[in-house]
Amino acid sequence: MRKFMVVLDDSRECLNAMRFAAMRASHTQGGVKVLAVIPPEEFNHWIGVGDIMREEQRERIEAHFEVFAKWMRDKQGVNPELVIREGEPVAEIIAQISEDAEVGVLVLGASADGKGPGPLVSQLSRSAGSLPIPITIVPGDLSKERLEMIT
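Heads up, the sequence shown is in this note's numbering, so the first residue is 2 and it goes up one at a time.
Here's what the structure looks like:
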């Protein structure tokens, strides 16, 4: 089964990327893999505190994921998977794609703030030629209705 991989973060554009991935998966009998990346801690000299912060981030990611997962299951009939990795976001996205043969398309949301497409889109588009899968970039200001028409 081909899976659409989408990155879960706190950006506004994440919402449209999630919607697009779920709708495409639903229409093509595919799946959705949601990747969340916990960036490396800047203050690792207090290991106990770092461990607690990492666990809190995991709990926050899982709660955030559940909101999207419920919508995907209820409205699109898609049961997404969550993968949490730790490290630099771009490196972890590329590593997940390389390690997971089921992932067929990377879906990213572009920022609609007029200051550029966003850091992930900018960095990953430079690597697009060497990735083993295509990247779909979803504009951040597309309406839900327009997304439904496109997918």
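C-beta: ideal position from N, C-alpha, C; glycine also.
In this chain, the alpha helix (DSSP H) harbouring Leu16 covers Glu14 to Thr29. Taking the CA atoms as reference points, Gly32 sits about 33 Å from Gly51. The Cβ-Cβ distance between Gly141 and Arg13 falls below 8 Å. Under DSSP, Glu87 takes part in a beta bridge, and its partners are Ile39. Three or more pairs of CB atoms, one per stretch, sit closer than 8 Å, so the region 13 to 22 contacts the region 105 to 114.
Looking at the DSSP output, Thr137 sits in a beta bridge with Val108. Put simply, the backbone Cα of Leu143 is about 10 Å away from that of Phe21.
For Val8, the enclosing beta strand (DSSP E) stretches over residues Lys4 to Val8.
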